[in-house]
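Heads up, the thing below is written out as structure tokens.
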Amino acid sequence: MRLKTIFVAAAVLCFSFSNAQFVKKHGQLSVKGTQLVDKDENPIVLRGLSFGWHSMWPRFYNEKAVSWLKKDFNCNVVRAAMGIELGEYAYNKEPEFSKEKIEAVIKGAIKSDIYVIIDWHSHNVNLKEAKLFFEEMSLKYGQYPNVIYEIFNEPDYESWWEVKTYAEEVIEVIRKNDPDNIILIGSPRWDQDVNLPAEDPIQGYSNLMYTMHFYAATHGKELRDRTDAAIKSGLPIFISESAGMEATGNGPLNYTAWQEYIDWMEARKLSWITWSVSDKDETCSILQKSAKSEGHWKDADLKESGIKVRELLKKYNTKE
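Going letter by letter, the sequence shown gives residues -20 to -1, 1 to 300 in mature numbering (1 follows the signal peptide of the UniProt record, and there is no 0).
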């Protein structure tokens, strides 16, 4: 029994050290074919959590919360969701406050040596504002391999032509300052219609990926089949938002449907982010109101979705 205890303790220590060196180990990410790969061109899968809209849950946007997500949830990536129009502190109303919150998460991720997605969290085209924001972020943080840019969270009713035209302008701005880091591009109809960019992808740039979002109790095999077809055609896919309940963010968790998606993503080495670190009264917000702003959450501070996603991340991120 004592030998077994020592072995387990050693294994945990070994993993903790490995996890602490995650970006140092994997370094600059790139896209090879349809696969996200690390500095040695080995396939890599990023798995983590998205913060809720900064404009409504800014209290969680701090370095210590990022550190806790790495330590207790085994996140190797976090997503900073900057709300553009919605909420009291939306970027279009309070740009300096917004950048301060997003940069706290970016700095926390760099300090914790994990990857971070800078997410322009909007359903609408805000081209002028997006170009200015990503010019500033790419200039300040483009030298860090930790950074991933998500330039349009979820287009809703825009056509692919509108999304593509917008994306090309924003990508050009980023690439002037940062020639290498991954850029994520949204798809029409809440990141469901990945078939459209598959038919007409953006040309002339490397290290681009396209986002698909799912909520397992709503979106079934049809979306997986559509995504499989897009990948088969050569489109690199990144699951930048997902969860196990209905697309409304409410309703019960469908554990079976969620696991089907997890198995599907793992088989294809697709990176996935779960929504969200917030304390809203809804199924998909992982935290209770009792949760402290800076982490150190006990089980009683986690909702059912928080308990489950922590279990999933601990299970699958130990493979890295």
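The beta carbon of each residue, even a glycine, is placed where N, CA and C say it ideally should be. Values in this document were obtained by computation on a predicted structure and should not be read as measured data.
Pairwise C-alpha distance: tryptophan 48 and leucine 250: Cα to Cα, the separation comes out at about 24 Å.
Outcome for threonine 254 when other beta-carbon atoms lying within 10 angstroms are tallied against a minimum of 16: Counting C-beta atoms within 10 angstroms of its own C-beta, threonine 254 has 16 or more neighbours from the protein chains shown and is therefore classed as buried.
DSSP state of serine 167 mapped onto helix, strand, coil: Coil.
Entirely enclosed beta strand (DSSP E) segments - the segment 99 to 154, minimum 3 residues: Listed in chain order, the beta strand (DSSP E) elements of length 3 or more contained wholly in the segment 99 to 154 are 127 to 130.
Nearest-angstrom Cα separation, counted from asparagine 175 out to glutamate 138: Whole-angstrom Cα-Cα distance: 15 Å.
Residue from Arg39, Asp171, Gly224 whose Cα sits closest to the Cα of isoleucine 82: The option with the nearest alpha carbon to isoleucine 82 is Arg39.
Cα-Cα separation, isoleucine 151 to isoleucine 242: One C-alpha to the other measures close to 30 Å.
Under 9 Å between C-beta atoms of serine 78 and alanine 89: No, they are not a contact pair.
Segment contact, 8 Å Cβ cut-off, at least three pairs: the segment 183 to 191 with the segment 212 to 221: A contact exists between the segment 183 to 191 and the segment 212 to 221.
Status (buried if at least 16 other CB within 10 Å, exposed otherwise) for glutamate 68: For glutamate 68, the number of other beta carbons within 10 angstroms of its own is below 16, and it is reported as exposed.
The beta strand (DSSP E) enclosing methionine 192, as first and last residue numbers: That run of the beta strand (DSSP E) goes 188 to 195.
Contained beta strand (DSSP E) runs [length at least 3] in the segment 15 to 41, N- to C-terminal order: Listed in chain order, the complete beta strand (DSSP E) runs (minimum 3 residues) inside the segment 15 to 41 are 15 to 17, 27 to 31.
Buried versus exposed call for isoleucine 287 [16 or more other C-beta atoms within 10 Å across all chains shown]: Exposed, by the Cβ-count rule.
Classification of glutamate 21 by the beta-carbon crowding that lies within 10 angstroms, buried from 16 upward: Glutamate 21 comes out exposed.
Same chain, Cβ closer than 7 Å to glutamate 284, five either side skipped, listed in chain order: Excluding positions up to five away in sequence, the list reads Leu233.
DSSP-derived helix/strand/coil call for valine 96: Valine 96 falls in the strand class under three-state DSSP.
Cα-Cα separation between phenylalanine -4 and isoleucine 94, rounded to whole angstroms: The pLDDT assigned to phenylalanine -4 is 39, lower than 50, so where the model puts this residue is not dependable, and the model offers no usable value.
Proximity below 9 Å, CB of alanine 247 to CB of leucine 215: When the beta-carbon positions are compared, alanine 247 and leucine 215 stay at least 9 Å from each other.
Reduced DSSP secondary structure (H/G/I, E/B, other) of threonine 236: DSSP places threonine 236 in helix when its eight states are reduced to three.
Backbone CA spacing between valine 3 and asparagine 161 [nearest angstrom]: Their backbone Cα atoms lie some 13 Å apart in a straight line.
Residue closest to asparagine 106, alpha-carbon to alpha-carbon, out of Phe132, Trp37, Gly28, Ala84: Taking only the C-alpha atoms, the option nearest asparagine 106 is Phe132.
Unbroken alpha helix (DSSP H) run spanning serine 47, endpoints: In this chain, the alpha helix (DSSP H) harbouring serine 47 covers 43 to 53.
One or two residues paired with valine 57 in a DSSP bridge: Per DSSP, Gly28, Tyr95.
Chain C contact for glycine 224 (CB, 9 Å cutoff): Absent from the structure is chain C; it holds one protein chain and no more.
Residue from Gly200, Thr263, Glu274, Lys212 with nearest C-alpha to glutamine 239: Considering only alpha carbons, the answer is Gly200.
Close Cβ partners of leucine 282 (< 8 Å) along its chain, the five nearest in sequence each way excluded: So the qualifying residues of the chain are Ile266, Leu267, Gln268, Ala271, Arg290.
Status (buried if at least 16 other CB within 10 Å, exposed otherwise) for serine 186: By the beta-carbon neighbour count (other beta carbons within 10 angstroms, threshold 16), serine 186 is exposed.
Residues that DSSP places opposite valine 11 in a beta bridge: Answer is Leu16.
Own chain residues within Cβ distance below 7 Å of alanine 84, not counting five before or after: Here the set comprises Tyr41, Asn42, Glu43.
Distance, lysine 156 Cα to tyrosine 235 Cα: If you take the alpha carbons of tyrosine 235 and lysine 156, they lie about 44 Å apart.
Histidine 276 versus serine 256: straight-line alpha-carbon distance, rounded: When the Cα atoms are used, histidine 276 and serine 256 turn out to be separated by approximately 17 Å.
Contact belief for tyrosine 129 with isoleucine 98 at Cβ below 8 Å, rounded distance in angstroms: The Cβ separation is near 5 Å, so the contact holds.
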